[in-house]
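So the structure is just underneath, and the comments pick up after that.
Residue numbers (this note's numbering): 2 to 222.
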């Protein structure tokens with residue numbers, strides 16, 4: 002049957018948001034008295050707050066106290082300040098349109114809240130093209146845990162062999178591979194090829210993938 006569905010990562014894949022997420026974390030931690038350098042946070046982007054917070058400040062978590070407050074502050078910074086100013090990755094809308102025209106079923110896989118995700122998809126200029134999304138309450142643990150991939154597969158009602166994931170971080174690749182899903186990786190999220198090892202293929206951005214669509218894993222019969 003070949004590829005029937007695509008699990009879509011958003012940040013760094015459809016929108017140039019990874020640096021903004023890192024800066025939002027820096028500012029959110031600073032608001033509660035924690036001096037965290039950008040360079041410490043940036044490599045962790047692609048993980049959720051449940052993992053980032055205790056990795057940055059051991060002893061904190063996103064469920065209570067300062068950790069919960071920091072998580073909320075970061076989210077508001079993305080929704081109110083950073084998110085609306087972000088640009089799509091090159092070719093994001095065109096690639097999504099092509100996949101839809103080819104009859105692929107698309108699902109957005111994100112542990113972001115609906116409000117945050119809405120802002121990001123609008124800035125990515127694909128909000129009118131994408132209808133199916135995973136539910137945040139279906140994701141107990143963020144990437145590199147495979148929970149988000151499992152939730153997407155369940156909603157699609159497809160086997161791992163029928164699906165690929167389009168993503169940009171090593172955490173996406175591990176999460177997908179742990180559920181038997183191959184990943185088409187893009188470099189526009191800021192990770193290099195050595196960090197994206199294990200992907201089925203690596204492209205510069207959605208436009209590069211679109212230019213090579215017919216020879217890509219998306220077109221495999």
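No residue lacks a Cβ here, since even glycine has one placed at the ideal position from N, Cα and C.
Nearest in C-alpha terms to residue 47, of all of 142, 61, 203, is 142. At a cut-off of 4 residues, the continuous stretches assigned as alpha helix (DSSP H) that sit fully inside the stretch 42-83 are 50-57, 66-78. Burial of residue 75 is indicated by the presence of at least 16 other C-beta atoms within 10 angstroms of its C-beta. In the three-state scheme derived from DSSP, where H, G and I count as helix and E and B as strand, residue 180 is classed as coil. Looking at the DSSP output, residue 204 bridges to 187. Beta-bridge pairing by DSSP links residue 109 to 9, 134.
Taking C-alpha positions only, residue 102 is separated from residue 110 by approximately 20 Å. The continuous beta strand (DSSP E) containing residue 167 extends over residues 164-168. Considering only 78, 202, 51, the residue with the shortest C-alpha distance to residue 20 is 78. In the DSSP secondary-structure assignment, residue 16 is bridged to 12, 89. Taken atom to atom, the span from the alpha-carbon of residue 209 to that of residue 199 is near 19 Å. Residue nearest to residue 214 within the set 22, 28, 185, 84 is 185 (criterion: CA-CA distance).
The shortest C-alpha to C-alpha distance from residue 106 to any of 130, 11, 56 is the one to 130. Counting along the chain, residue 153 sits inside the alpha helix (DSSP H) bounded by residues 148-157.
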